[in-house]
Amino acid sequence: VWDWAGRHRAAFHCGSDKTVVLVSGLSPNAVAMEAGSVLDVPVPGSLPRSLSVVHRHKWLGLLWAADLDFGAALDVRLHQAAAAFAPLAGLVAAKALPLGLAMQLFESKVDAILGQGRWLFITVLDAQPVLDNQYARWARAMLGADAWRNGFVAASEVGWGLCGFARAVRSAAL
Numbered sequence: 001v002w003d004w005a006g007r008h009r010a011a012f013h014c015g016s017d018k019t020v021v022l023v024s025g026l027s028p029n030a031v032a033m034e035a036g037s038v039l040d041v042p043v044p045g046s047l048p049r050s051l052s053v054v055h056r057h058k059w060l061g062l063l064w065a066a067d068l069d070f071g072a073a074l075d076v077r078l079h080q081a082a083a084a085f086a087p088l089a090g091l092v093a094a095k096a097l098p099l100g101l102a103m104q105l106f107e108s109k110v111d112a113i114l115g116q117g118r119w120l121f122i123t124v125l126d127a128q129p130v131l132d133n134q135y136a137r138w139a140r141a142m143l144g145a146d147a148w149r150n151g152f153v154a155a156s157e158v159g160w161g162l163c164g165f166a167r168a169v170r171s172a173a174l
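Here my numbering is used: position 83 in the sequence shown is 83, and no number is missing along the way.
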């Protein structure tokens, strides 16, 4: 690793807030590594650093749990996206914003919230109905359609080729 870092001008920024051990697949009570383990990478001019053993760690903008269940992260993102969607839907309902412009704003504001880490959401057990139902609700709201209308038809009418879970699958594939 040190040779590679030298060739590519990479630097190690070690510290208890940046360098952690996330033990996956184990319960918090069955940690296989002791707290205070030493990072065994030769960093010139510095002493070996202690590693923090954690059961949750924020990385790439998402909270990673030791059991690698991203259900909580999905819930947080859906709530954030719904909060961003509400004023947009209100402007469309009030006819203060044309639907075409609203859909562009949806992609850049609402869908972008779900975009970061979306590829991990396919691992959540019930992600498909949760994501598909949310996108169906959003499509119906944009059109002012009744709740009993087919959400996939509404999604097609607003111009979405892919809905919730299909977007997550595409993200994973990419």
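All residues carry an ideal CB built from backbone N, CA and C; glycine is no exception.
Exercise. CB-CB under 7 angstroms to R118, same chain, minus the five flanking residues each way: which ones, in chain order?
Worked result: As a first step, residue 118 must be located in the sequence shown, where it is residue number 118. Result list for R118: R167, A168, S171, in chain order.
For this session: Could you tell me the distance, in whole angstroms, from the CA atom of L99 to the CA atom of A10?
Result: The residue given as residue 99 occupies position 99 in the sequence shown. The residue given as residue 10 occupies position 10 in the sequence shown. Approximately 47 angstroms, taken between the alpha carbons.
Problem set entry | Anticipated Cβ contact below 8 angstroms, G164 with L131, distance rounded | Numbered from 1 along the sequence shown, position 164 holds the residue referred to as residue 164. Numbered from 1 along the sequence shown, position 131 holds the residue referred to as residue 131. Contact flag correct, Cβ pair sits at about 3 angstroms.
Problem set entry | Paired residues, beta bridge with A65 - DSSP | For the purposes of this step, residue 65 is identified with residue 65 of the sequence shown, where counting begins at 1. Answer by DSSP bridge pairing, in chain order: R56.
Exercise. At which residues does the alpha helix (DSSP H) containing P129 begin and terminate?
Worked result: To locate residue 129, count along the sequence shown from 1; it is residue 129. It spans 127-143 - the alpha helix (DSSP H) in which P129 sits, taken as one unbroken run.
Problem set entry | C-beta contact flag for K109 and A93 at 8 angstroms | Taking the first residue of the sequence shown as 1, we reach residue 109 at position 109. Taking the first residue of the sequence shown as 1, we reach residue 93 at position 93. No, these two residues do not count as a Cβ contact at 8 angstroms.
Exercise. According to the Cβ coordinates, are V72 and L63 closer than 8 angstroms?
Worked result: As a working note, residue 72 is residue 72 in the sequence shown. As a working note, residue 63 is residue 63 in the sequence shown. It should be pointed out that residue 72 corresponds to Ala in this sequence rather than to Val. Result yes, Cβ atoms of A72 and L63 sit closer than 8 angstroms.
Problem set entry | Sequence-distant residues of the same chain with beta carbon closer than 6 angstroms to V158, five excluded per side | Mapped onto the sequence shown, residue 158 falls at position 158. Here the set comprises M103, A139, M142.
Problem set entry | Cα-Cα separation, D111 to G6 | Numbered from 1 along the sequence shown, position 111 holds the residue referred to as residue 111. Numbered from 1 along the sequence shown, position 6 holds the residue referred to as residue 6. If I take the Cα positions, the gap works out to 39 angstroms.
For this session: Check the C-beta distance from A127 over to L74 and give it rounded, since I have them as a contact under 8 angstroms.
Result: As a working note, residue 127 is residue 127 in the sequence shown. As a working note, residue 74 is residue 74 in the sequence shown. Yes, A127 and L74 are in contact; Cβ-Cβ is about 6 angstroms, under 8 angstroms.
Exercise. Which residues bound the alpha helix (DSSP H) around V153?
Worked result: Reading the sequence shown from its first residue, position 153 is the one you call residue 153. Here the alpha helix (DSSP H) through V153 covers 151-157.
For this session: Let me know the secondary structure DSSP gives Q116 once reduced to three states.
Result: As a first step, residue 116 must be located in the sequence shown, where it is residue number 116. The answer is coil: DSSP assigns Q116 none of H, G, I, E or B.
For this session: Determine, using beta carbons only, whether V153 and F70 come nearer to each other than 8 angstroms.
Result: By 1-based counting over the sequence shown, the position of residue 153 is 153. By 1-based counting over the sequence shown, the position of residue 70 is 70. Contact flag unset, no.
Problem set entry | Chain-order list of residues whose beta-carbon lies under 6 angstroms from that of A136 (same chain, five-residue window excluded) | As a position in the sequence shown, residue 136 is number 136, starting the count at 1. Correct list, in chain order: G151.
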